[in-house]
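Following: one structure in structure tokens, then a few remarks.
In structure tokens, the structure reads:
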């Protein structure tokens with residue numbers, strides 16, 4: 001039987017198209033098998049980023065705010081002290097005399113009268129002295145102690161402060177007695193040390209700062225000959241060291 005050249009395929013049967021080939025890569029190399037087919041995620045539970053803890057965020061913000069507050073406060077204090085520049089007071093011992101001074105049989109007696117000159121070097125801060133105690137020493141051994149009256153010092157002001165220290169027949173070490181005797185015999189004087197401790201209030205407007213200030217007056221020579229029981233400070237005014 002001769003086949004009709006215009007015949008068409010029977011209905012219900014697909015036309016056998018050739019399989020579609022992938023386009024060659026532009027770089028001329030064969031495709032990578034690992035990337036030939038797209039990756040499909042078969043995980044039924046997709047990943048979600050964890051939510052931040054509100055309490056941790058609050059603590060972090062509080063810590064940041066507190067750090068900023070401390071930095072600002074430190075800057076304010078630095079500028080304040082840079083402008084005000086608080087200084088320790090200057091102290092001079094202007095006189096020191098002794099009477100009824102005796103050292104014998106490991107017993108020491110004497111009355112010391114002293115005068116100190118306090119000066120406030122600050123131009124913007126006033127000073128208030130409280131609980132002022134004065135200690136008389138020889139060779140680091142305390143001989144007598146007294147308490148001085150409180151007082152105030154305005155800016156750039158100065159004021160004298162008087163005090164008396166007494167000791168009557170107190171026991172001292174034999175080494176101390178020998179040292180005082182040798183010093184009186186060789187120099188005709190005895191060097192005493194004074195220590196003044198006070199609670200000082202630095203005041204500037206509403207600002208108040210209290211701290212203990214210690215003043216040392218070292219090696220204050222008092223002329224006391226071997227056969228005398230009284231004497232006065234040798235030399236002129238002596239400056240003390242505040243700490």
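Residue numbers (UniProt numbering): 1 to 243. Note that beta-carbon positions come from the ideal geometry of N, C-alpha and C, so glycine has one too. All figures in this text were calculated on a predicted structure; none of them were measured in a lab.
Compute the Euclidean distance between the alpha carbons of residue i and residue j, then round it to the nearest angstrom.
i	j	result
residue 195	residue 93	11 Å
residue 156	residue 127	10 Å
residue 256	residue 221	Lying before the first or after the last residue shown, residue 256 is absent from the chain, which here runs from 1 to 243.
residue 223	residue 188	6 Å
residue 51	residue 57	11 Å
residue 95	residue 161	11 Å
residue 131	residue 199	6 Å
residue 121	residue 55	53 Å
residue 107	residue 129	34 Å
residue 67	residue 76	14 Å
residue 298	residue 175	With the chain covering 1 to 243 only, the question about residue 298 has no answer from this structure.
residue 173	residue 138	12 Å
residue 205	residue 123	13 Å
residue 71	residue 211	24 Å
residue 169	residue 177	13 Å
Which residues bound the alpha helix (DSSP H) around residue i?
i	result
residue 213	Premise fails: residue 213 lies in the beta strand (DSSP E), 207-223, not in any alpha helix (DSSP H).
residue 229	Unbroken run through residue 229: none, as it is neither H nor E.
residue 123	Careful: residue 123 lies outside any alpha helix (DSSP H) and carries neither H nor E.
residue 183	174-187
Thinking C-alpha only, which one of the options is nearest residue i?
i	options	result
residue 179	71, 104, 73	104
residue 144	111, 217, 185, 226	111
residue 149	167, 197, 183, 72	197
residue 118	213, 207, 139, 74	213
residue 147	242, 218, 165	165
residue 153	78, 173, 89	89
residue 241	171, 227, 215	215
residue 167	101, 231, 151, 116	101
residue 193	209, 201, 136	136
With a threshold of 16 other CB atoms inside 10 Å of the CB of residue i, please say whether the residue is buried or exposed.
i	result
residue 1	For residue 1, the pLDDT reaches just 48, beneath the cut-off of 50, and the residue's location in the model is therefore unreliable, although a value from the coordinates is still provided. With fewer than 16 other Cβ atoms within 10 Å, it is exposed.
residue 62	exposed
What are the boundary residues of the beta strand (DSSP E) that includes residue i?
i	result
residue 234	Segment: none, residue 234 is in no beta strand (DSSP E) and carries neither H nor E.
residue 52	Neither: residue 52 is in no beta strand (DSSP E) and is coded neither H nor E.
residue 160	158-171
residue 244	In the structure as shown, the chain starts at 1 and stops at 243, and residue 244 therefore has no counterpart that could be examined.
residue 146	141-148
If we cut at 9 Å on Cβ distances, does residue i have a partner in chain D?
i	result
residue 225	The structure shown has no chain D; it contains just one protein chain.
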